[in-house]
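Down below is the structure, laid out as structure tokens.
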Amino acid sequence: MRTFLKDAASKRNIPIHAIGLSLYETLPGTTAEQIGSQVVRTQWLGAESKNILLGRRALIIDEVDDSRKTLHYAVSELQKDVDEEVAKLPESEREAARTKFAVFVVHNKLKEKLANLPADVPYYTGAEVEDLWLDYPWESSDIDEHDRLAAEEKAKGKQDLATKH
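Going by full-length UniProt numbering, the residue at position 32 of the sequence shown is 32; the numbering climbs one at a time, nothing skipped.
Here is the structure:
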């Protein structure tokens, strides 16, 4: 997996850092999941990585904004990590070291959210979608099984992202 993007204009590398969060619990016998009770960190920035966010603009990306609980957790916990690092700096350097966060989601489900994002955090979405279960191909461990389940869902009239253009 690439850990940076190349800025064509400046020829600079723009780093990519991944965090992993889970809120969902698998429903037996399906690819669907239900919302769990708490967010679980499956991958987080290492202690040395916290400093690299200082003074930067950081875009938090998720494929779907369902309940907003994981996005809220990501923003608030990353902000808390940054605030801890900023507090260690001399007072004169703190303002320049603050990180500006923004959020982008591929799909925003049109439903009431269970959490909010700070008003000063820009929010961008690729598409607004109904509150249906979305099966993403990269979440499937067996593409043939994914295709079979997607065909079943399509036959039921549910949204199929694998064939949606």
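Each residue gets a CB set at the ideal place from its N, CA and C atoms; glycine is no exception.
All of these numbers come straight from a predicted model, not from anything done at the bench.
(request) Figure out for me which residue from Asp142, Gly55, Ser37 has the closest Cα to the Cα of Ala97. (result) To locate residue 97, count along the sequence shown from 1; it is residue 97. The residue with the shortest Cα to Cα distance from Ala97 is Gly55.
(request) Report the rounded CA-to-CA distance for Leu134 versus Asn116, giving the unit in angstroms. (result) If you number the sequence shown from 1, residue 134 lands on position 134. If you number the sequence shown from 1, residue 116 lands on position 116. Going from the Cα of Leu134 to the Cα of Asn116 covers about 22 Å.
(request) Return helix, strand or coil for Arg12, following the three-state DSSP convention. (result) Here residue 12 corresponds to residue number 12 of the sequence shown, with the count starting at 1. In the structure shown, Arg12 sits in coil (DSSP, three-state: anything other than H, G, I, E or B).
(message) Just to confirm my understanding: we take Phe4, look at its own chain, exclude 5 residues before and 5 after, and list those with CB closer than 7 Å. What are they?
(response) For the purposes of this step, residue 4 is taken as the residue at position 4 of the sequence shown. Around Phe4: Asn13, Ile14, Pro15, Ile16.
(request) Starting from the C-beta of Phe104, find all residues in its chain whose C-beta is less than 7 Å away, skip the five residues before and the five after it, and write them out in chain order. (result) Here residue 104 is taken as the residue at index 104 of the sequence shown, counted from 1. Close CB contacts of Phe104 within its chain, under the 7 Å cut and outside five residues either way in sequence, are with Leu59, Ile61, Tyr124 (chain order).
(request) Pick helix, strand or coil for His72, following the three-state DSSP scheme. (result) Counting from one through the sequence shown, the residue named residue 72 turns up at place 72. Correct three-state label for His72: helix.
(request) Excluding the 5 residues preceding and the 5 following Leu114 in the sequence, name in chain order all residues of the same chain whose CB lies nearer than 7 Å to its CB. (result) Numbered from 1 along the sequence shown, position 114 holds the residue referred to as residue 114. Once the five neighbours on either side are set aside, the close Cβ partners of Leu114 are Ser67, Arg68, Lys69.
(message) Out of Ala155, Ala18, Lys100, Ser140, which one is the CA nearest neighbour of Trp44?
(response) For this step, residue 44 is matched to residue 44 along the sequence shown. For Trp44, the closest C-alpha among the options Ala155, Ala18, Lys100, Ser140 is that of Ala18.
(message) Does Gln38 pass the burial test, meaning 16 or more other C-beta atoms within 10 Å, or should it be called exposed?
(response) Position 38 of the sequence shown holds residue 38. Classified as exposed, Gln38 has fewer than 16 neighbouring CB atoms from the shown chains inside 10 Å of its CB.
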